[in-house]
Amino acid sequence: MQQQPGRLVMDRPAQLPPGAQWRETLSGMQRLGYTLMRSRRRTIGFLISDDGLRVTAPAWASQAQIDDAVRQKTRWIVTKLEAWQNRRTQLSMAHTRWQHGGEFPFLGVGIRLALGAAPSVGAQGQQSYQGDPCCPEAGDILHLSLPMDAESSRIREITEAWLQRQAALQFQQRLQHMATQHGLTVRSLRLSAARTRWGSCTSDGRIMLNWRLIHFSPAIIDYVIAHELAHLREMNHGPDFWNEVGRIIPDYEQARAALRSHHPGDIPVL
Numbered sequence: 057m058q059q060q061p062g063r064l065v066m067d068r069p070a071q072l073p074p075g076a077q078w079r080e081t082l083s084g085m086q087r088l089g090y091t092l093m094r095s096r097r098r099t100i101g102f103l104i105s106d107d108g109l110r111v112t113a114p115a116w117a118s119q120a121q122i123d124d125a126v127r128q129k130t131r132w133i134v135t136k137l138e139a140w141q142n143r144r145t146q147l148s149m150a151h152t153r154w155q156h157g158g159e160f161p162f163l164g165v166g167i168r169l170a171l172g173a174a175p176s177v178g179a180q181g182q183q184s185y186q187g188d189p190c191c192p193e194a195g196d197i198l199h200l201s202l203p204m205d206a207e208s209s210r211i212r213e214i215t216e217a218w219l220q221r222q223a224a225l226q227f228q229q230r231l232q233h234m235a236t237q238h239g240l241t242v243r244s245l246r247l248s249a250a251r252t253r254w255g256s257c258t259s260d261g262r263i264m265l266n267w268r269l270i271h272f273s274p275a276i277i278d279y280v281i282a283h284e285l286a287h288l289r290e291m292n293h294g295p296d297f298w299n300e301v302g303r304i305i306p307d308y309e310q311a312r313a314a315l316r317s318h319h320p321g322d323i324p325v326l
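Numbering (this note's numbering), first residue to last: 57 to 326.
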């Protein structure tokens, strides 16, 4: 999840096929990550799947030749990955009903939507949360000052605006707490809407976190924050890096495994 030297298109999948290798190559300002498979085929082939880009190459092809072929296909790869992610996002929205009585995940808990006049309108104007947004419970309600027949796109827009404000507030608090606790300095925090990654960190302390993490439990959010903070000391994914993650959050493995089953552009099913 580090940002060095360019943005990584697709992170390494949770598990590689037998005999496969994970490779990364730089194309312009983008680092393209892909799963490399060797076969008896005569040419280099490309496939986009749920695990990202898979490249199948003949045994005689050198790594330099394969990387060059990937770079030449950069535009096609990025276009196909974006189309694939858009389809995934549309499917993930199918289980979220953007209507009165619908439910969406917030900090790992299912929150109900209520349209119409809210019991009390808070500072946000169009939204009023019934419960404690810092410690939500099942059955909490987000009231939206919208008519009952409001378009689902409008309901989603206002709900996501509220979620993004919560993400900005709560991520900043968690990030600052963990950084101070472990003697780390963060220069800035920004939210992203990336569809292929959960976070990134530059060597000078600029951290980006995907706002959609607000759908997940605090333990998963803390894991991603710890992951990015660890990059302030180790700008790689070697053994020393994972030791640093473990120093910040000793029991990170469970959260890491849980997050690997989700894609950054999706809304998780609770």
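Note that the Cβ used here is the ideal one computed from N, Cα and C, for glycine as well.
Just so it is clear, the structure is predicted and the values come from calculations on it, not from any experiment.
Note to self: Can you check whether the C-beta of G302 is within less than 7 Å of a C-beta belonging to chain B?
What the structure shows: You won't find chain B in this structure, because it holds only one protein chain.
Next item on the list: For the region 183 to 198 and the region 234 to 250, state whether three or more C-beta atom pairs, one from each stretch, are separated by less than 8 Å.
Entry: no
Check: T241 by DSSP, collapsed to three states: which one?
Finding: coil
Next item on the list: Mind listing, in chain order, the continuous alpha helix (DSSP H) runs of no fewer than 4 residues lying wholly within the region 174 to 259?
Entry: 208 to 237
Checklist line | Cβ contact (3+ pairs, closer than 8 Å) linking the region 99 to 116 and the region 131 to 141 | finding: yes
Next item on the list: Quick one: measure Cβ to Cβ for R221 and I281, integer angstroms, because I've assumed they're closer than 8 Å.
Entry: So it is not a contact: roughly 18 Å between Cβ atoms.
Item checked: Selection from A286, A113, Q226, S208 that minimises the alpha carbon distance to H271 -> Q226
Notebook entry, point to check: Is the Cβ-Cβ distance between G164 and S273 less than 7 Å?
Noted result: yes
Margin query: Pairs of beta-carbons, one from the region 305 to 312 and one from the region 242 to 261, closer than 8 Å: are there three or more?
Written below: no
Check: Can you tell me whether G178 is buried or exposed, with buried defined as 16 or more other CB within 10 angstroms of its CB?
Finding: Here the model assigns G178 a pLDDT of 47, short of 50, so the residue's position is not dependable, and the following value carries that caveat. Answer is exposed; the Cβ neighbour count stays below 16.
Item checked: Nearest to A117 (by Cα), restricted to the options W140, T130, M93 -> M93
Next item on the list: Rounded to whole angstroms, what's the CA-CA distance from R262 to Q186? Just pull it up for me.
Entry: 34 Å
Margin query: Is A223 close to the ligand HEM? I mean its beta-carbon at under 6 Å from any heavy atom of the ligand.
Written below: By its list of ligands, the structure shown contains no ligand whatsoever, and the ligand HEM lies outside what it can speak to.
Next item on the list: List the endpoints of the continuous alpha helix (DSSP H) containing N292.
Entry: Taken as a continuous stretch (DSSP letters only), N292 belongs to no alpha helix (DSSP H), as it is neither H nor E.
Checklist line | Buried/exposed call for D260, threshold 16 Cβ in 10 Å | finding: exposed
Margin query: So, with DSSP's three-state summary, where would you put I270?
Written below: helix
Next item on the list: Please state whether DSSP places L137 in a helix, a strand or coil.
Entry: helix
Notebook entry, point to check: Should E213 be labelled buried (16 or more other beta-carbon atoms within 10 Å of its own) or exposed?
Noted result: exposed
Checklist line | Own chain partners of A206 with C-beta closer than 7 Å, once the 5 adjacent residues on each side are dropped | finding: L171
Next item on the list: Quick one: measure Cβ to Cβ for T91 and A113, integer angstroms, because I've assumed they're closer than 8 Å.
Entry: Contact flag wrong, Cβ pair sits at about 11 Å.
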